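Have a look at the structure below, then the notes.
Residue numbers (our numbering): 19 to 494.
Put into C-alpha cells, the structure is as follows:
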C-alpha cells in the first residue's frame with residue numbers, strides 16, 4: 019500500500035505520453051477541411067506549434083518544480099500537475115479554435131515538465147532502499163512509453179471525442195488519488211514537523227497497528243530522521259563543497275539529462291513520417307511499431323535494469339542506440355548506392371533501424387538519466403540541478419521541433435543532420451560515462467560521493483545518511 023503514490027504518479031507520465039502520442043494523428047485532423055473538429059481547418063504552420071508549445075511549457079514546469087518541491091512538498095506539486103492535466107484535456111474536448119488546442123498543450127506541458135522532475139524526487143524520498151527507488155524510476159519509463167503507444171493507437175483509430183474523455187478520466191484518477199496519501203517524510207523533516215514526520219513514515223512503511231510501531235527497523239529509521247532534523251535545526255553537519263566537486267556534479271547532471279532528451283526519442287516519434295518517408299508500412303503502422311519498440315525497451319529495463327550495473331548498462335545502451343541511428347543516417351545518404359536494387363532492404367531497413375534505436379534508448383539511456391542522477395547527487399543539490407537540467411533539455415527539444423521544417427527544406431536527404439545530432443548525444447554519454455561516472459548500484463551514497471571527490475580531512479564523505487544511506491543532506 020505504501021507504494022501506491024508513485025504508481026499513481028506514474029499515471030501523470032502516462033498521461034503526458036498519451037497527449038504526445040495523439041499529436042501526430044490529430045495534427046492531420048486539424049488540417050483537414052472536412053474532418054477538423056475546430057471551427058476552421060489549420061495550416062501546417064499552425065499545427066507545428068502543438069508539440070512546440072508542449073515542450074516549451076514543459077521547460078517552464080521543470081524549471082519551477084524543483085524549488086516548489088522543496089517549498090510545498092513533492093506530493094503537492096504532483097497534485098497541482100494532475101489538475102493542470104485535467105484542464106488540458108478540457109481545453110481539447112470543449113475547444114473550437116486552434117488557440118484552445120495550444121492552451122491544452124501548455125497546461126499539459128507544465129504538468130509533465132513538473133512531473134518528470136518531481137516524481138523521481140518523490141520516489142527517492144519515500145522509498146525504503148535505493149534499489150526500490152531504482153525499480154520505481156524504471157517504471158516511470160514504462161508508463162511513459164505505454165502512454166505514447168496508447169496515444170498513437172487512440173489518435174489514429176478511435177474517435178476524437180472518446181480520446182479526450184479517456185484522457186480526462188486518467189487525469190482525474192491520478193489527481194484524486196493524491197489527497198489521500200501522505201507527504202514525503204523528508205519534507206516534514208526539513209520543516210522540523212515531528213508529528214507529521216512520524217505519521218508519514220508510518221504510512222509509507224506500512225505501520226498500521228500500535229504493536230508494529232516498536233519494530234526495530236521503523237524505530238531505527240525514525241531516530242535517524244530525528245537526529246538529522248536536530249542537525250538541521252542547529253545548522254550542524256553543513257560544510258562548504260569544493261568547487262571542483264560542484265562543477266563535476268553539475269556536469270554529470272546536465273550530461274545525463276540533456277543527452278537523454280537529445281537522443282531523439284521525441285523528435286523521431288513526432289516526425290516519424292518525415293524520417294521514414296515512404297519506407298516501412300503505412301504511416302499509422304509505422305508509428306505504432308516505433309512506439310511499440312519503445313515499450314519493449316522500457317519493459318526490458320524494468321525487468322532487468324535494476325539488477326544490472328548502472329554504468330555498464332548506460333554505456334552499452336548509449337552506444338548501441340548510436341550505432342542504430344548512425345546506420346540509419348548512412349543508409350539515408352548512401353543507401354541507394356549500396357543496395358543495388360534490393361527493394362526489401364530499401365523499404366524496411368529504415369523502420370527497423372529507427373525502432374532498434376528507440377528500443378535501446380528506452381532500455382538504458384533514458385531511464386538511467388534519472389536513476390543515476392538521484393544516486394550520485396546529494397539530495398538537495400539533486401532537486402535543484404535536475405530541475406535546471408530538465409528545463410534546459412526541454413528548451414533544446416523545443417528548438418529542434420520548431421526548426422524541423424526549416425532544416426527539412428534546406429538540408430537533405432532525410433534530415434541526416436538531426437540523425438547525427440542524436441548519434442552524437444548518445445556517443446558522448448557512452449564514452450564519457452565510463453571514466454566520469456562511478457558505479458552506484460549496491461553502494462552507499464557516501465562511498466559514491468567519496469569517489470567523486472567530496473571528502474573531509476578524515477577522508478569521509480560529508481553529510482549524514484538516513485537509515486540505508488539513501489539520502490545525504492547537503493545544504494547549498
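Backbone N, C-alpha and C define an ideal beta-carbon position, used for all residues, glycine too.
Everything numeric in this text was worked out from a predicted model, so none of it was measured.
Check: Boundaries (first-last residue) of the alpha helix (DSSP H) holding residue 53; Outcome: First-last for residue 53: undefined, no H or E at that position.
Check: Residue closest to residue 187, alpha-carbon to alpha-carbon, out of 226, 107, 137; Outcome: 107
Check: The region 318-333 contacting the region 378-387, beta-carbon criterion three pairs below 8 Å; Outcome: yes
Check: Assigned exposure category for residue 34 - 16 Cβ within 10 Å defines buried; Outcome: buried
Check: Buried or exposed by the 16-neighbour rule on C-beta atoms within 10 Å, applied to residue 104; Outcome: buried
Check: Option in 469, 461, 416 with minimal Cα separation from residue 77; Outcome: 416
Check: Separation of residue 318 from residue 399, as counted between CA atoms; Outcome: 30 Å
Check: Own chain, CB closer than 8 Å to residue 61, minus 5 neighbours either side, in chain order; Outcome: 49
Check: Rounded straight-line distance, which links the Cα of residue 233 to that of residue 438; Outcome: 56 Å
Check: Nearest neighbour of residue 301, chosen from 314, 287, 154 [CA to CA]; Outcome: 287
Check: Environment of residue 362 [buried if 16+ CB atoms lie within 10 Å]; Outcome: exposed
Check: Proximity to residue 99 [Cα-Cα], best of 193, 207, 344, 391; Outcome: 193
Check: Within the region 173-204, ranges of the alpha helix (DSSP H) (whole runs, at least 4 residues); Outcome: 178-195
Check: Residues of its chain near residue 311, where Cβ-Cβ distance is below 6 Å and the 5 sequence neighbours each way are ignored; Outcome: 373, 376, 377
Check: Residue-level contact to chain B via CB, residue 289, 7 Å cutoff; Outcome: Given the protein chain composition of this structure (a single chain), no chain B is represented.
Check: Per-residue burial, residue 230 [other beta carbons within 10 Å of its own, 16 or more giving buried]; Outcome: exposed
Check: Continuous alpha helix (DSSP H) stretch holding residue 229: start and end; Outcome: First-last for residue 229: undefined, no H or E at that position.
Check: DSSP three-state assignment for residue 297, whether helix, strand or coil; Outcome: coil
Check: Neighbour-count burial assignment, residue 115, 16 or more Cβ in a 10 Å radius; Outcome: exposed
Check: Residues near residue 320 by beta carbon distance below 7 Å, same chain, minus five either side; Outcome: 156, 157, 160
Check: Cα-Cα separation between residue 393 and residue 214, rounded to whole angstroms; Outcome: 26 Å
Check: C-beta contact flag for residue 408 and residue 135 at 7 Å; Outcome: yes
Check: Check whether residue 97 and residue 125 have beta carbons under 7 Å apart; Outcome: no
Check: CA-to-CA distance, residue 444 to residue 433, given in whole angstroms; Outcome: 18 Å
Check: Beta-carbon gap between residue 457 and residue 327 smaller than 7 Å; Outcome: yes
Check: Among 129, 41, 200, 52, the one whose alpha carbon lies nearest that of residue 69; Outcome: 41
Check: CB of residue 271 within 7 Å of CB of residue 403, strictly; Outcome: yes
Check: Proximity of residue 290 and residue 387 at Cβ, strictly below 7 Å; Outcome: no
Check: CA nearest to the CA of residue 243, picked from 209, 268, 269; Outcome: 209
Check: Coil, strand or helix - residue 289 by DSSP; Outcome: coil
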